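Going down the list, the sequences are from chains A and B. Residue 1 is where the first sequence starts when you use full-length UniProt numbering, and the numbers rise one by one after that. Residue 1 is where the second sequence starts when you use full-length UniProt numbering, and the numbers rise one by one after that. Where is the CB? At the ideal position from N, CA and C, for every residue including glycine. Predicted model only: the values in this text are computed from it and were never measured. A quick write-up on the structure given underneath.
2 protein chains.
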Amino acid sequence: MAGFALGWSDADGRPGNGDRGKAVRPAVALLSAEAVGGTAESALPGAVAVELVHAFSLVHDDIIDHDEWRRHREALWKAYGVGPALLAGDALLALAVGQLAARPEAIPYLSAALVELVQGQTADMAFESRPWRGPDEVTVEEYTDMAAGKTGGLLGAAAAMGVALGGAPQLADRLWGMGRDLGVAFQIVDDMLGIWGDPAVTGKPVYSDLRREKKTLPVLVALAAGVPAARELSALLTEGDMDEDSLRHAAGLVEEAGGRDAARCLADRYMSSVLEVLDRHLPDAEELRAVCDSVVNRVH
Amino acid sequence: MAGFALGWSDADGRPGNGDRGKAVRPAVALLSAEAVGGTAESALPGAVAVELVHAFSLVHDDIIDHDEWRRHREALWKAYGVGPALLAGDALLALAVGQLAARPEAIPYLSAALVELVQGQTADMAFESRPWRGPDEVTVEEYTDMAAGKTGGLLGAAAAMGVALGGAPQLADRLWGMGRDLGVAFQIVDDMLGIWGDPAVTGKPVYSDLRREKKTLPVLVALAAGVPAARELSALLTEGDMDEDSLRHAAGLVEEAGGRDAARCLADRYMSSVLEVLDRHLPDAEELRAVCDSVVNRVH
């Protein structure tokens, strides 16, 4: 089951060429180590740990969100049942902790990322039952806090463990902050792809976030825009229970109200912070910079 | 939700006197540290970590097993829903890892226990779909392996972390093995209480293990006894779908076939190994010995 979750084998355990994801987190860990003059090997336990934690979180998220598809295949719980999938997720996390048993200096970053991850996911889940508009609406600040935890914690851990294991622990806190900003940018782009991305490329059903009333950034900023399209969008979302046509219409209204442009802008702003940290502390880290850039310029 | 899971508050978050469990694992950690001349405080991070991991495992186990009751109250998933409970379990585990961020020497024991725990739980779950009799029946050896992992891993980690944090890391491996034996004895007694214990005391529905076809030790040894009661028991279990009366009858047959005595015997044998290790390496550890003893002489 772990092999299936990691894209190494199909549901019958046969080795195959499943979609193994982008491996952004381990890349960040390895390249961060190299950027401070260490070897990629030195950061390998950290790189493996963050990828295992990422796999764990996807397995549990799909159970929590009832998502049936992941990377063009059935979600693990759909293929094997909820109980076994829950346990396989726990196993992936156990293995992640085990990776660092011999590199204890990296443990604080992993444990901090785990706590952030769970808090971010909890906030994201709680957002779903909040109203679209009114005094209880989700603010952009709440959203970025959620994304910094849910997506940024692990990226921060990847970068911080990378430099710490690579021989520059004094840079770890800076890189941790860089990773959190990168996570916000990453999450915003994910949200955009969830609305305007090609399902054949993303591997997720079209408009699934809108359908599930997920409080994604483009929708939040569109609703707050105070233009006619925002009011129409608000009415449509509040009504709920949308069919394919109204979902497409809603996506159009988000764009018309400026949600797409504003989301892109905010992602770019967080990326500027990321690049500023890199320029200042790791000016020669060309490859690390390229991987970070790829996060906001991707098709899936 | 974590407060509810730990018995600190009710489902509405009001502080209360919930059943907080026996706290055997943290007791083992603290007393192991004292037994080697350390302070209880030195082992506190380890003690907290094992109790948090234990709480995590109960929360996830109840989801996996669809158990609706835990310690005389609703299970966490029953009170809050599967998604939130799953995530609360993850949070408890994240906090456990965080406890050891400043005591990295204890990490290898925690990570080993986590892997054992998940493997043991996986085996236990797989046993449920195995037949009662025949070439695929669950053997006593498979059972003890499962119990050593599922229940013994964390007890082993408690004892090993206790002595390691208390200042005697050279004893950690011995105590790890002691903990695994203690876990097998613990699990066998749990199985016995699941059949002959008072539900008002245990907090679990009567005969729930028998009802769910759990491969518990008393049943396994009863079935293998080759006496008439064993054959009748086998027929009854194979038929399945038992009502209250047949469950009571089945419990009687387990006892008649010698399952109760044999289980008690095997638990005692594992306890002898435990006490042997304690006598040899920690001869003055009166309290630790008493806690271990209480594991096999308890009513809930």
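Would the beta-carbon of A267(A) fall within 7 Å of that of V189(A)?
The residue given as residue 267(A) occupies position 267 in the first sequence. The residue given as residue 189(A) occupies position 189 in the first sequence. Yes, the Cβ-Cβ distance between A267(A) and V189(A) is below 7 Å.
Please classify R212(A): does DSSP put it in a helix, a strand, or coil?
Within the first sequence, residue 212(A) is the residue found at index 212, counting from 1. Note: R212(A) maps to coil in three-state DSSP.
Does the beta carbon of P205(B) sit closer than 7 Å to a beta carbon anywhere in chain A?
Taking the second sequence and counting its residues from 1, one reaches residue 205(B) at position 205. No - not a single Cβ of chain A is within 7 Å of the one on P205(B).
With a threshold of 7 Å between beta-carbons, can G3(A) be considered close to chain B, or not?
As a first step, residue 3(A) is located in the first sequence; it is residue number 3 there, counting from the start. It does not; no Cβ of chain B falls within 7 Å.
Return the first residue and the last residue of the alpha helix (DSSP H) that A94(A) is part of.
Position 94 of the first sequence, counted from the start, is the residue given in the question as residue 94(A). It spans V82 to Q99 - the alpha helix (DSSP H) in which A94(A) sits, taken as one unbroken run.
If you measure from the beta carbon of Q170(A) to each beta carbon in chain B, is any gap under 7 Å?
The count along the first sequence starts at 1 and reaches residue 170(A) at position 170. Closer than 7 Å: no.
Under the criterion of a Cβ to heavy atom distance below 6 Å, does Q187(A) qualify as lining the ligand ADP?
The ligand ADP is absent from the structure shown, which contains no ligand whatsoever.
List, in chain order, every chain A residue whose beta-carbon is nearer than 9 Å to that of Q187(B).
Within the second sequence, the letter at position 187 stands for residue 187(B). The premise fails here: Q187(B) is roughly 18 Å from chain A at the closest Cβ pair, so nothing lies under 9 Å.
Return helix, strand or coil for Q8(B), following the three-state DSSP convention.
By one-based count along the second sequence, residue 8(B) stands at place 8. Note on identity: in this sequence residue 8(B) is Trp, with Gln being the wrong assignment. Note: W8(B) maps to coil in three-state DSSP.
Inter-stretch contact (C-beta, 8 Å, three-pair minimum) for the stretch 32-43 of chain A and the stretch 62-72 of chain A:
no
The stretch 116-131 of chain B: positions lying closer than 7 Å to chain A by Cβ:
V118, Q121, T122 and M125
Sheet register partners of W69(B) (DSSP bridge)
Against the second sequence, residue 69(B) aligns to sequence position 69. Per DSSP, E74(B).
DSSP state of P131(A) mapped onto helix, strand, coil
As a first step, residue 131(A) is located in the first sequence; it is residue number 131 there, counting from the start. Three-state result, P131(A): coil.
By Cβ distance below 7 Å, which residues in the same chain neighbour K78(A) in space, the five residues on each side in sequence not counted?
Start at 1 with the first residue of the first sequence, and residue 78(A) comes out as number 78. For K78(A), where only same-chain residues beyond five positions count, the Cβ hits under 7 Å are E68.
Contact between the stretch 99-118 of chain B and the stretch 92-99 of chain A: three or more CB pairs below 8 Å?
yes
Beta-carbon spacing of A263(A), P218(A) below 7 Å
Position 263 of the first sequence holds residue 263(A). Position 218 of the first sequence holds residue 218(A). A contact, by the Cβ cut-off of 7 Å.
Taking three-plus beta-carbon pairs below 8 Å as touching, is the stretch 169-184 of chain A in contact with the stretch 39-46 of chain A?
no
What is the C-beta distance between V221(B) and G197(B), in whole angstroms, given that I count them as a contact (C-beta under 8 Å)?
The count along the second sequence starts at 1 and reaches residue 221(B) at position 221. The count along the second sequence starts at 1 and reaches residue 197(B) at position 197. Going by Cβ atoms, the distance from V221(B) to G197(B) rounds to 18 Å, so no, they are not a contact pair.
I'd like to know whether the C-beta of V97(A) is nearer than 7 Å to at least one C-beta of chain B.
Working through the first sequence from its first residue, we reach residue 97(A) at position 97. Yes - at least one Cβ of chain B is within 7 Å of the one on V97(A).
Please confirm whether L278(A) and R269(A) have their CB atoms less than 7 Å apart.
As a working note, residue 278(A) is residue 278 in the first sequence. As a working note, residue 269(A) is residue 269 in the first sequence. In this structure, R269(A) does not lie closer than 7 Å to L278(A) by Cβ.
In the DSSP output, which residue or residues are listed as bridge partners for P15(B)?
Against the second sequence, residue 15(B) aligns to sequence position 15. Looking at the DSSP assignment, P15(B) forms a beta bridge with S9(B).
Within the chosen definition, does the stretch 11-26 of chain A reach the stretch 139-152 of chain A through at least 3 CB pairs nearer than 8 Å?
no
For the candidate residues T216(B), G153(B) and G162(B), whose alpha-carbon lies nearest to that of G183(B)?
On the second sequence, position 183 is the one that residue 183(B) refers to. The shortest Cα separation from G183(B) among T216(B), G153(B) and G162(B) belongs to G153(B).
Could you tell me whether the Cβ of L6(B) comes closer than 7 Å to any Cβ of chain A?
For the purposes of this step, residue 6(B) is identified with residue 6 of the second sequence, where counting begins at 1. No, its Cβ sits nowhere closer than 7 Å to a Cβ of chain A.
Please return the same chain residues whose Cβ sits closer than 6 Å to the Cβ of A47(A), not counting the five positions on each side in sequence.
For the purposes of this step, residue 47(A) is identified with residue 47 of the first sequence, where counting begins at 1. Excluding sequence neighbours, A47(A) sits near P26, A29 and L30.
Distance, Cα to Cα, G83(B) vs V82(A)?
As a first step, residue 83(B) must be located in the second sequence, where it is residue number 83. As a first step, residue 82(A) must be located in the first sequence, where it is residue number 82. Spanning the two alpha carbons is a distance of roughly 11 Å.
By the criterion of Cβ-Cβ separation under 8 Å, what are the contact partners of L247(B) in chain A?
Counting from one through the second sequence, the residue named residue 247(B) turns up at place 247. Residues of chain A passing the Cβ test: none, with the nearest at roughly 23 Å.
Give a yes or no on whether the minimum CB-CB distance between A11(A) and chain B is below 7 Å.
Start at 1 with the first residue of the first sequence, and residue 11(A) comes out as number 11. No - not a single Cβ of chain B is within 7 Å of the one on A11(A).
According to DSSP, is V163(B) helix, strand or coil?
Position 163 of the second sequence holds residue 163(B). V163(B) falls in the helix class under three-state DSSP.
Residue burial classification, V227(A) (beta-carbon count within 10 angstroms, cutoff 16):
Translated into the one-based positions of the first sequence, residue 227(A) becomes position 227. Burial call: exposed.
Identify, in the order they occur along the chain, each residue of the same chain with its Cβ nearer than 6 Å to the Cβ of Q187(B), setting aside the five sequence neighbours on each side.
As a working note, residue 187(B) is residue 187 in the second sequence. If we look at Q187(B) and ignore the five residues flanking it on each side, its Cβ neighbours are A147 and T151.
Beta-carbon contacts of D181(A) that lie in its chain and below 6 Å, excluding the five residues immediately before and after
Translated into the one-based positions of the first sequence, residue 181(A) becomes position 181. So the qualifying residues of the chain are Y270, S273 and V274.
Burial state of R103(B), where buried means 16 or more other Cβ atoms lie within 10 Å:
Counted from its first residue, the second sequence places residue 103(B) at position 103. It counts as buried.
Is D90(B) close to chain A? Criterion is C-beta to C-beta, closer than 7 Å.
To locate residue 90(B), count along the second sequence from 1; it is residue 90. It does: the Cβ of D90(B) has a partner Cβ on chain A nearer than 7 Å.
From this set, L247(A), T202(A), A225(A) and A200(A), which residue's C-alpha is nearest K214(A)'s C-alpha?
As a position in the first sequence, residue 214(A) is number 214, starting the count at 1. It is L247(A).
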